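Structure record follows, encoded as structure tokens.
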């Protein structure tokens, strides 16, 4: 049997694990410096927790887990009936009581709802875990991928948005990825809809605006016509989409265009506060009134991150929402959150060569195996080096040096160490740096000196 | 709707996450110092990869994922037929093509089989990921739990066993858990079977011996009788189980008892080599001929770890196997591996209070919110402290001090910081340590001094 991986899933070998850990560790540390604390939830949730939360299309993409014990004869008839329901596009607990999490937001909401009595609010959590979606796999889209979210819930204060903007800024600065932090406010989009045909047009307008990047202004106007907006309304929307200039210039223009809408003006006030606050500390915040963030549950500030120098979709996004836990019976939990698109950030860093020189987690020194007696003499030195933090391997069998050299080269191990029978008697060790050819015999009892030699920068031949 | 967690699964809040990370980080670092490198495989595997690998009982406990797209009318008839197969205790790819991994060994074998052309052997990997089993949940047994494995494959050298013994020793030394590393060799058990009725009795003898701890010698003898062993044979097994004394004394006795079996003598030679090697460096290695490690695929050295001062099952185990990847069509890949039982290690550390003083990952200082103007003055100081590595929060709204003090107390934040309008003018900051009552006004531009104050050990009131 020739084994294979399920479509849309990946093995991560150590090179990839180290790069991903570097990204996640950088972000994790920043979250913690801002007072966010980690949460981990199980991979599987009760099916009722997940179904109906992501729209009809989402329900189909949730991986459902087959119940165990279906070979119990007493259950056969009911299970047959359950299957008929599945054919109708429904799910049935007779067949599947559990499913794999589809994102980190609903499990977080479920956690807050279950524990709201004992949590201290505002509650700041971050969560970095895989999620699963039965999407058609394609380049850059996987069926198992990590999400990396942080949210503050239980507070409507705009200071939370300020903090999240600074988290984005510091994370991408630390990763050395040049980005633009794009910002808008759903209240302004709502205000635009209010002025162009009323609140019930908000969805139509948002869907059309969301496509601007891909299809261009003319097509957006066509779509708006099809969606029943009239010439005068489309004209306002065109003016809206044509707002350009510095952040301040844009704010002035929007205030003129949407002055009739109280909602929009509230959105402008919020944006002005954030932009003022960030103006000295975060250079890359860019107002973008065309930013809509699809059809989700956001109600205030929305964010999106674009890499400045690499063509790639958004590498992060988020926003404010009014009601995290209402669906689970707990009211009045507003919040704001952001997420980092780990797979895309990885791709951007590869393209910009940003991992170079940052990862040095492979084995540092290979001890040659000269035989059973020599190993026993070398082993205490090996152990002391490991205790001093040096990643050290011992070749597994006493074969020709040639083969041992090749092993070191193939694994990219820079140093080799030799302790033969004479060296044991004299307390000596020979260390050689393969890329440069440097080598030296030294005192095997002076561990500090060996460590120092292993940490010396050397030029390749 | 009142939300709940699936049976046998857990949320990990930040206190637990930090403790678990401490354990995993300690072990991970030691793996890497011994030249092991991380591997991550997907949560789901093709169902053919998993089924038939864990015995009939195991097959039932594998969580299978329902195929998506079952509402496609063209598939209905076939899916109905598939369900009838499920009722017969078989699985059907028409219904389920994927399943959640049940352990880390089979996915590792699948990875090695798929990539053996490009891997450098001996290949040393570690893997720390959750696995899922549809076991009946009970105290200490979960349906989602982490495994933590390291294996060397492609080498039959005993030096690998030496390294694994030292990894165990260093890991538990670092975690400060007193343990006994119990060791045996399957060749000795095979030799015992050889002498007592032939190789075909190995399974019967192993099963019976494995129960010694739980049921005692008399019951083991009864079971052996039931399993068809005669008086003479049982007498040999009793002598075997009664071997006591120091490691060396035990080796001498086994050499006398099983001298007729070449296999057993090879096992003794291997054990003697390991015990000799470890005698100066690892004090806690204990020969235990009653150790059997159940009915698995081990063929040479076997290990098991017991906490010395806490009553708990084994907190680690492993051994040598002949053939990792044969099931996947790749021959001649012997190996040896060990695993750490993370959940039990966690429980032992809680019981021995070993986490105390080791985790300090909560927020260190809370800045009080005195209003919009004051926040803007304080924010640059907050940002500089974060850059200096201090975990810093800003209270989200300008409410009474009382409420802000309470927040700090509830969250266990030791320091609070106050920058009011006067302090802004004078470049001052007031820092107060809540547990001791210590407080001081200092220069807000001297970040080093503030950091030093925050890092000072202070006595509680």
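Protein chains in written order, with the numbering used here: chain A, 11 to 471; chain L, 11 to 471.
We put the CB at the ideal spot given by N, CA and C, even for glycine.
None of these values were measured; they are calculated from a predicted model.
Can you round the beta-carbon distance between residue 121/A and residue 163/A to whole angstroms, since I take them to be within the 8 angstroms contact cut?
Here residue 121/A refers to the residue found at position 111 of the first chain. Here residue 163/A refers to the residue found at position 153 of the first chain. In fact, because the Cβ distance is near 10 angstroms, the residues do not count as touching under 8 angstroms.
What whole-angstrom Cβ distance do residue 70/A and residue 78/L have, given they're in contact under 8 angstroms?
Here the question's residue 70/A lines up with position 60 in the first chain. Here the question's residue 78/L lines up with position 68 in the second chain. Going by Cβ atoms, the distance from residue 70/A to residue 78/L rounds to 7 angstroms, so yes, they are a contact pair.
Tell me the residue span of the beta strand (DSSP E) that contains residue 195/L.
Sequence index remark: in the second chain, residue 195/L carries index 185 (1-based). Per DSSP, residue 195/L belongs to the beta strand (DSSP E) from 189–195.
Determine, using beta carbons only, whether residue 295/L and residue 288/L come nearer to each other than 8 angstroms.
Along the second chain, one-based indexing puts residue 295/L at 285. Along the second chain, one-based indexing puts residue 288/L at 278. It is a contact, given that the beta carbons lie within the stated cut-off.
Span separating the alpha-carbon of residue 260/A from that of residue 356/L:
Reading the first chain from its first residue, position 250 is the one you call residue 260/A. Reading the second chain from its first residue, position 346 is the one you call residue 356/L. About 56 angstroms.
Closest by C-alpha distance to residue 73/L, when choosing among 109/A, 61/A, 83/A
Within the second chain, residue 73/L is the residue found at index 63, counting from 1. Cα-wise, what sits closest to residue 73/L is 109/A.
When you compare the CB positions of residue 189/L and residue 315/L, do they come within less than 8 angstroms of one another, or not?
Within the second chain, the letter at position 179 stands for residue 189/L. Within the second chain, the letter at position 305 stands for residue 315/L. Yes; because the gap between Cβ atoms is below 8 angstroms, this pair is in contact.
Please state whether the Cβ-Cβ distance between residue 200/L and residue 334/L is less than 8 angstroms.
Position 190 of the second chain, counted from the first residue, corresponds to residue 200/L. Position 324 of the second chain, counted from the first residue, corresponds to residue 334/L. No; because the gap between Cβ atoms is not below 8 angstroms, this pair is not in contact.
What is the DSSP secondary structure of residue 90/A, reduced to helix, strand or coil?
Residue numbering aside, residue 90/A sits at position 80 when the first chain is read from its first letter. If DSSP states are grouped into helix, strand and coil, residue 90/A belongs with the helices.
Residue 149/L classed as buried or exposed, judged by whether at least 16 other C-beta atoms fall within 10 angstroms
Walking along the second chain from the start, residue 149/L turns up at place 139. By the neighbour-count rule (16 or more Cβ atoms within 10 Å), residue 149/L is not buried but exposed.
Within the stretch 140–185 of chain A, note down every full alpha helix (DSSP H) run reaching 4 residues or more, in order along the chain.
169–185
Answer with buried or exposed for residue 390/L, where buried requires no fewer than 16 other C-beta atoms within 10 angstroms of its C-beta.
Mapped onto the second chain, residue 390/L falls at position 380. Its Cβ having fewer than 16 others within 10 Å, residue 390/L is exposed.
Note down, in chain order, all residues in the stretch 41–57 of chain A with a beta-carbon under 8 angstroms from any beta-carbon belonging to chain L.
42, 43, 44, 45, 47, 48, 49, 50, 51, 52, 53, 54, 55, 56
Range covered by the beta strand (DSSP E) that runs through residue 425/L:
In the second chain, residue 425/L corresponds to position 415, counting from 1. It spans 425–428 - the beta strand (DSSP E) in which residue 425/L sits, taken as one unbroken run.
Return the Cβ separation of residue 257/A and residue 297/A in integer angstroms, given the expectation that the two are a contact with Cβ distance under 8 angstroms.
For the purposes of this step, residue 257/A is taken as residue 247 along the first chain, with counting starting at 1. For the purposes of this step, residue 297/A is taken as residue 287 along the first chain, with counting starting at 1. Confirmed, Cβ separation roughly 4 angstroms.
Measuring straight from C-alpha to C-alpha, what distance separates residue 454/A and residue 408/A?
To locate residue 454/A, count along the first chain from 1; it is residue 444. To locate residue 408/A, count along the first chain from 1; it is residue 398. Approximately 21 angstroms between the Cα atoms of the pair.
Please tell me whether residue 195/A has its Cβ less than 8 angstroms away from any Cβ of chain L.
By one-based count along the first chain, residue 195/A stands at place 185. Not closer than 8 angstroms to any Cβ of chain L, the Cβ of residue 195/A fails to qualify, so no.
Chain L residues whose Cβ lies nearer than 7 angstroms to that of residue 339/A:
Reading the first chain from its first residue, position 329 is the one you call residue 339/A. Within chain L, the residues near residue 339/A are 11, 12.
Would you verify that the beta carbon of residue 21/A is, or is not, closer than 8 angstroms to some beta carbon of chain L?
In the first chain, residue 21/A corresponds to position 11, counting from 1. Yes, because at least one Cβ of chain L sits closer than 8 angstroms to the Cβ of residue 21/A.
Would residue 93/L pass as an interface residue toward chain A - the criterion being a Cβ-Cβ separation below 8 angstroms?
Residue mapping note: residue 93/L aligns to position 83 of the second chain, counting from 1. Answer yes: the Cβ-Cβ gap between residue 93/L and chain A drops below 8 angstroms somewhere.
Assess, as a yes-or-no matter, whether the stretch 49–59 of chain L is touched by the stretch 83–95 of chain A under the definition of 3 or more beta carbon pairs within less than 8 angstroms.
no
For residue 443/L, report the span of its beta strand (DSSP E) as first-last.
Locating residue 443/L in the second chain gives position 433, counting from the first residue. Where residue 443/L is concerned, the enclosing beta strand (DSSP E) stretches over 438–443.
Against residue 393/A, what residues of chain L qualify as contacts under a CB-to-CB distance less than 8 angstroms, listed in chain order?
By one-based count along the first chain, residue 393/A stands at place 383. Ordered by position in chain L, the residues that pass the 8 angstroms Cβ test against residue 393/A are 176, 291.
Using a threshold of 8 angstroms, state whether the C-beta atoms of residue 398/L and residue 13/A are closer than that.
Position 388 of the second chain holds residue 398/L. Position 3 of the first chain holds residue 13/A. In this structure, residue 13/A does not lie closer than 8 angstroms to residue 398/L by Cβ.
What residue from 442/A, 412/A, 417/A has the CA that sits closest to residue 425/A's CA?
The sequence position of residue 425/A within the first chain is 415, counting from 1. Considering only alpha carbons, the answer is 442/A.
Within its chain, find whatever has a CB closer than 6 angstroms to the CB of residue 364/L; leave out the 5 residues flanking it on each side and keep chain order.
Here residue 364/L is taken as the residue at index 354 of the second chain, counted from 1. Counting only Cβ-Cβ distances below 6 angstroms, and skipping sequence neighbours, we find 186.
Ignore the nearest five residues each way along the sequence and tell me which others in residue 422/L's own chain have a CB closer than 8 angstroms to its CB.
In the second chain, counting from the first residue as 1, residue 422/L sits at position 412. For residue 422/L, where only same-chain residues beyond five positions count, the Cβ hits under 8 angstroms are 372.
Taking C-beta pairs closer than 7 angstroms, name the residues in chain L that residue 401/A reaches, listed in chain order.
As a working note, residue 401/A is residue 391 in the first chain. By Cβ distance, chain L contributes 42, 43, 45.
In the DSSP assignment, what are the bridge partners of residue 108/L?
To locate residue 108/L, count along the second chain from 1; it is residue 98. DSSP output for residue 108/L lists 56/L, 75/L as bridge partner(s).
From residue 37/L to residue 181/A, what distance separates their C-alpha atoms?
Counted from its first residue, the second chain places residue 37/L at position 27. Counted from its first residue, the first chain places residue 181/A at position 171. Each residue's alpha carbon lies about 28 angstroms from the other.
In or out: residue 225/L buried (at least 16 other Cβ within 10 Å) or exposed?
Taking the second chain and counting its residues from 1, the one referred to as residue 225/L is at position 215. Looking at its Cβ environment, which holds fewer than 16 other Cβ atoms inside 10 Å, residue 225/L is exposed.
Is the distance from the Cβ of residue 247/A to the Cβ of residue 206/A below 8 angstroms?
What you label residue 247/A is simply residue 237 of the first chain in a count that begins at 1. What you label residue 206/A is simply residue 196 of the first chain in a count that begins at 1. Going by C-beta atoms, residue 247/A is nearer than 8 angstroms to residue 206/A.
Identify, in the order they occur along the chain, each residue of the same chain with its Cβ nearer than 7 angstroms to the Cβ of residue 59/A, setting aside the five sequence neighbours on each side.
Position 49 of the first chain, counted from the start, is the residue given in the question as residue 59/A. If we look at residue 59/A and ignore the five residues flanking it on each side, its Cβ neighbours are 116, 120.
Residue-level contact to chain L via CB, residue 459/A, 8 angstroms cutoff:
Taking the first chain and counting its residues from 1, one reaches residue 459/A at position 449. For residue 459/A, the answer is no, since every Cβ of chain L falls outside 8 angstroms of its Cβ.
For the beta strand (DSSP E) holding residue 403/A, just list the boundary residues, first then last.
Looking up residue 403/A in the first chain gives position 393. Its beta strand (DSSP E) spans residues 402–404.
With distances taken from CA atoms, which of 40/L, 204/L, 341/L is nearest residue 184/L?
For this step, residue 184/L is matched to residue 174 along the second chain. When only C-alpha atoms are compared, the closest one is 40/L.
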